[in-house]
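I have placed the structure first, in the form of structure tokens, so that the comments after it can refer back to it.
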Amino acid sequence: MRLSELKTGESATILKVLGHGGFRRRIMEMGFVRGQRVEVILNAPLKDPIQYRIMGYDISLRRSEAEMIEVLSDSEADELLTPAQNPVCESHGDNGRSVDDVVHSRSHTISVALVGNPNSGKTSLFNAISGGHEHVGNYSGVTVGAKSGVRYYRGYRFQITDLPGTYALSAYTPEELFVRAHIAEETPDVIVNSVVASNLERNLYLTTELIDINPRMVVALNMFDELTASGAQLDYERLGGMLGVPMVPVEARNGKGIEALLDTVIAVYENQDARVRHIHIGQGAVIEEGLRRLNGDMSAHSDQLPKTFPPRYFAMKMLEGDRQVDEQLRGCERYAEWAGIAAREADRIAKTLGEDVETAFANRKYGFISGALKETYTPGRQEEATTTALIDSFVTHKLWGFPIFFFLMWLMFWCTFYLGAYPQEWIDALVGWIGRGVNALLPAGALRDMLADGVIGGVGAVIVFLPNIMVLYLFISFMEDSGYLARAAFIMDRVMHRIGLHGKSFIPLIMGFGCNVPAIMACRTIESRSSRLITILITPFMSCSARLPIYILVAGTFFSAHAGWVMTGLYVLGVAMSVLTARLLRRFLFPVDETPFVMELPPYRLPTWKTTLTHMWDKCAQYLRKMGGMILIASVVVWFLSYYPRPEQASAGTAAHYENSYLGRLGKSCEPIFSPLGMNWKAGVALLSGVAAKEIVVSTLGVLYTEGGEVTVAENPRADELRDPSAESATLSRRLVASGDFSTASALAFLVFILLYFPCIATVAAIGAEAGWRWALAAIVYDTLLAWAAAWCVYRLMLWF
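Numbering-wise (the working numbering), the sequence shown opens with residue 1 and increments by one.
Below, the structure written as structure tokens:
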């Protein structure tokens, strides 16, 4: 708990002092150090300040200062030392631990924040330290939120938080705001700044921003092997001495240097690293004069400032016109004076230097970095054509770039369908074997039918597509991790620009091929509000992996000779509909909102199989969890609605029974809507079930076409040749063809409708959270109407041919 939470008369033991820089040093000099006892003497009439007794004398602290001191209260210690509350103590047969032991344990927990640029290997470093499974992407926006992990090392417990990648600590992007808010509110004990060793000049800019807030920090020189391989040399000890920050070479991909990094974090945390010192990065005489005036007044009234960052930092941000800091300080008594000084000094600096203050700060920081590197860094011999440049000469070529991109997309879909077909047959056989086993073990009745047809038939109809999902995610993961997706955004910028967006919008759209929900969340990285909103609204047209089982089932059943081309055509149609929608939105609802396309093109890297396979399996695990959750429940619900009411004489497997069931009646009521598309009531029911999650369409078809009626040769001439001698072992594909319910025209219309209609509930919720529920409702209506119109057109065209 925090010291400010103690009540009058209560006592506690100091664990650690949070905060940064001078505030933390001053508080510790007053005696608030680990292990010291502190007692609350009294509160002022207005509850602020508070009088404490520590080391035999009384001292007064403001509540905001006491908030930055972490303590172990006596009541907490009593609970921890009571055997009933502490099984570990009870198992030892004694009181277990003393208060000193508890203090030692609590104080040996180090909260670490990983901060770094996108593509700096920060998340890879997180995985190396904690063994976590966060995806390691090679473009901005992969890590949208913070991920946490734990590592035990040398008696310390490291609580590691992987923060979003950011280039600075300004108030422009959600990532910048998130990182700065986390550092201010969570006050990590040590910040590990992940820096690409072979790209120091750009990466160290964020380091200078962190130096401004004066935290305890360690720089991890990640991918150090790339620097040495290039022949470059870096005196990182000397560079770290210039910055006042210890630097440790690491290779996160293979785990080299991780223990040295953790040792350095411990030394910094325990104030035992002599390399740590706070520096002020000089901003030049003109800017320093303005800083001196504003910082002087703020320091004189520092009791009004938040204790998270030093006064000089707030002075710099006020001169820059930082909106968030301005709002944060607006409630201070001296705010009007500070705002006046900042405005006058910013105007003077701009007139003297001929550039705005923010640009002036950035130029001075890059100048400082350049000067430091000249003394410590020796570049290696640069080859005329590096591997990255050589690959880029092909994949971003004006003639070859697009063919290569479309070939890779086609290859991904072809492999998804054909390579996944073999294990799919094995899983299908396993599901059939389990179903036959249930039928053999249980007596006839509703329970057996529910398990065999509802649970096994419904869930099994979807789970057989797991190999296809794995192949799809394997391709997407590899393209992300290797750096190719950033090039895809680069070559697509001109195309995206023509529909009113820019290349940065392309990455969420590509992510939508995996799942629309994280793709919509990734739109946060788009600075322009209108571009971000348009991208969110067109993302559901990207065929997510949930639609893939339907595509594979229907395309493989009715277009087996050209299934790969049909699937590719569906993906292309989705992209075309997104382009049309974006043009309409830009043309009629939003004015042109030009935003610069600024995006890093990282060097190509060959991902490790462990990283790529881990990412693939994480996504597949989500798919499997769906099997045991929403899809299982939906399958049972669909079975129940199709099973009841029970007819008096008709058998449970007849078409008449299905048609007269609750589900059949619902489908019949919607049949007029779908009949112009060549679909009957069963197709309508399957489409309605897909509102919750698209995979449920397949499980619904699996339930509806389980022994799905008596099919005669007159109804379908191919029924005899396709019907398996054992009806129970017939696959869903065979049962669909044998039913005669679908023609090639209606099957293709069915696929087009699945592609475009009502987004799943999770996607609708994501749109509502990111854009507002008005836009979520608009997406539901527009997407469904567009789906019906497109499916009708496809059905009519197919009938002509």
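Each residue gets a CB set at the ideal place from its N, CA and C atoms; glycine is no exception. Given the structure is predicted, the values throughout are model-derived calculations rather than measurements.
By DSSP, does residue i sit in helix, in strand, or in coil?
i, result
"residue 55", "coil"
"residue 263", "helix"
"residue 545", "coil"
"residue 151", "strand"
"residue 222", "strand"
"residue 399", "coil"
"residue 233", "strand"
"residue 376", "helix"
"residue 189", "coil"
"residue 10", "coil"
"residue 319", "helix"
"residue 42", "strand"
"residue 499", "coil"
Measure the alpha-carbon distance for residue i versus residue j and round it to whole angstroms.
i, j, result
"residue 297", "residue 349", "18 angstroms"
"residue 93", "residue 79", "Note on residue 93: pLDDT 41, under 50, position unreliable in the model; no value is reported."
"residue 231", "residue 379", "7 angstroms"
"residue 590", "residue 530", "7 angstroms"
"residue 15", "residue 186", "16 angstroms"
"residue 792", "residue 604", "45 angstroms"
"residue 796", "residue 677", "8 angstroms"
"residue 410", "residue 507", "18 angstroms"
"residue 467", "residue 546", "13 angstroms"
"residue 282", "residue 480", "39 angstroms"
"residue 451", "residue 438", "7 angstroms"
"residue 302", "residue 210", "20 angstroms"
"residue 130", "residue 643", "50 angstroms"
"residue 475", "residue 119", "19 angstroms"
"residue 200", "residue 212", "18 angstroms"
Using a Cβ-Cβ cut-off of 6 angstroms (strictly less than) and excluding sequence neighbours within five positions of residue i, which residues of its own chain qualify?
i, result
"residue 128", "252, 255 and 258"
"residue 192", "112, 114, 218 and 220"
"residue 685", "663 and 667"
"residue 339", "none"
"residue 10", "40"
"residue 175", "164 and 166"
So, at 7 angstroms on beta carbons, what are the nonlocal neighbours of residue i in its own chain, with the 5 sequence-adjacent residues on each side left out?
i, result
"residue 43", "8 and 50"
"residue 30", "59"
"residue 799", "745"
"residue 517", "762, 763 and 766"
"residue 401", "395 and 491"
"residue 325", "314, 317 and 318"
"residue 55", "31 and 36"
"residue 122", "114, 116, 162, 165 and 194"
As a quick exercise: from the options, pick the residue whose alpha carbon is nearest that of residue i.
i, options, result
"residue 225", "250, 207, 520 and 107", "250"
"residue 178", "797, 146 and 740", "146"
"residue 505", "519, 47 and 788", "519"
"residue 330", "777, 780, 247 and 305", "305"
"residue 743", "63, 789, 687 and 801", "801"
"residue 477", "35, 611 and 277", "611"
"residue 404", "485, 460, 576 and 120", "485"
"residue 57", "47, 38 and 352", "38"
"residue 273", "286, 248, 291 and 289", "248"
"residue 265", "160, 73, 561 and 636", "160"
"residue 472", "613, 704, 697 and 373", "613"
"residue 637", "201, 581 and 699", "699"
"residue 162", "202, 117 and 152", "117"
"residue 69", "528, 27, 694 and 777", "27"
"residue 783", "615, 577, 682 and 774", "577"
Taking DSSP's pairing of strands, which residues face residue i in a bridge?
i, result
"residue 805", "Missing from the structure shown is residue 805; the chain here goes from 1 to 801 and no further."
"residue 251", "256"
"residue 61", "50"
"residue 116", "194"
"residue 156", "153"
"residue 493", "According to DSSP, residue 493 bridges with nothing at all."
Which residues in the same chain as residue i place their Cβ atom closer than 8 angstroms to its Cβ, once the five residues preceding and following it in sequence are excluded?
i, result
"residue 396", "487, 490 and 491"
"residue 205", "167, 168, 362, 365, 366 and 369"
"residue 749", "677, 678, 679, 791, 792, 794, 795 and 798"
"residue 268", "190, 216, 217, 218, 246 and 276"
"residue 779", "537, 540, 759, 764 and 767"
"residue 328", "306"
"residue 807", "What the structure shows of the chain is the stretch from 1 to 801, and residue 807 is not part of that stretch, so it cannot be assessed."
Looking at chain D, is there any beta carbon in it that lies within less than 8 angstroms of the beta carbon of residue i?
i, result
"residue 667", "Annotation note: the requested chain D is absent from the structure, which comprises a single protein chain."
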